[in-house]
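Numbering (the working numbering), first residue to last: 515 to 747.
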């Protein structure tokens with residue numbers, strides 16, 4: 515029994531977490547937030563001509579990379595540190611789509627699949643942990659090697675048994691974000707921060723609520739063919 519506990523100790527230990535290099539964090543801050551800012555600007559200019567939208571995206575990213583307090587990413591980094599790898603990858607993919615397609619309507623419509631709902635539940639648990647409402651320190655466990663193994667195992671299992679393209683793309687996104695985290699340890703050395711951040715969690719909650727409301731409306735306000743059928747004489 516004691517031998518097994520000694521074997522598991524390095525996997526669950528959070529005493530000496532592996533943190534990202536300071537120079538890597540310094541370069542990642544303007545780039546990460548620059549991609550997020552360019553994505554937000556692209557949404558504002560989504561209905562404008564493609565040339566105007568592209569210039570706005572480039573201008574937003576260049577503005578984000580200006581050193582010092584003149585850059586909005588300076589203040590965003592002070593307030594929110596760094597966004598997750600998942601947010602950065604999603605914004606980058608959306609920027610590429612908006613850059614290549616002149617009409618935003620050509621982009622693929624997305625919803626919330628299994629990993630999205632799992633992220634919503636896990637984000638709620640992290641919120642409870644932040645207010646010390648859980649009997650254990652869930653966030654601190656994200657610095658352990660076992661948490662990384664569990665994340666990889668879950669994403670791989672979902673990718674292997676995915677029944678739709680949305681589920682497979684979510685699993686591939688989680689695997690890519692985890693791989694980038696292993697290579698860089700960004701943003702904080704915690705695997706949970708690499709996969710989920712507060713703003714992404716709020717977007718997922720909003721998307722899930724809209725998806726649920728839309729499903730309820732389509733169910734209860736759908737046209738009944740029997741009610742619309744005209745009586746025959």
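The beta-carbon is built from N, C-alpha and C at its ideal position, and this holds for glycine as well.
Predicted model, so just to flag it, every value in this text is computed and none were measured.
Item                                                                                                                                    : Value
Validate contact between the stretch 581-599 and the stretch 710-725 using beta carbons, cut 8 angstroms, 3 pairs                       : yes
Alpha-carbon to alpha-carbon, residue 735 and residue 693                                                                               : 44 angstroms
Cut-off 8 angstroms between Cβ atoms - residues of its own chain near residue 628, not counting five sequence neighbours on either side : 672, 681, 684
Proximity to residue 534 [Cα-Cα], best of 718, 733, 698                                                                                 : 698
Residue range of the alpha helix (DSSP H) that includes residue 646                                                                     : Looking at the DSSP string, residue 646 is not in any alpha helix (DSSP H), and its letter there is neither H nor E.
Sequence-distant residues of its chain with Cβ nearer than 7 angstroms to residue 532 (five each side left out)                         : 699, 703
Environment of residue 599 [buried if 16+ CB atoms lie within 10 Å]                                                                     : buried
Enclosing alpha helix (DSSP H) for residue 760 [first to last residue]                                                                  : Limits of the chain in this structure are 515 at one end and 747 at the other, which puts residue 760 out of reach.
Coarse secondary structure for residue 628, derived from DSSP in three states                                                           : helix
CA-to-CA distance, residue 603 to residue 687, given in whole angstroms                                                                 : 8 angstroms
Extent of the continuous alpha helix (DSSP H) to which residue 563 belongs                                                              : Careful: residue 563 lies outside any alpha helix (DSSP H) and carries neither H nor E.
Neighbourhood of residue 656 by C-beta distance below 8 angstroms, restricted to the same chain and skipping five residues each side    : 704, 705, 706, 707
Nearest neighbour of residue 609, chosen from 659, 578, 726, 556 [CA to CA]                                                             : 556
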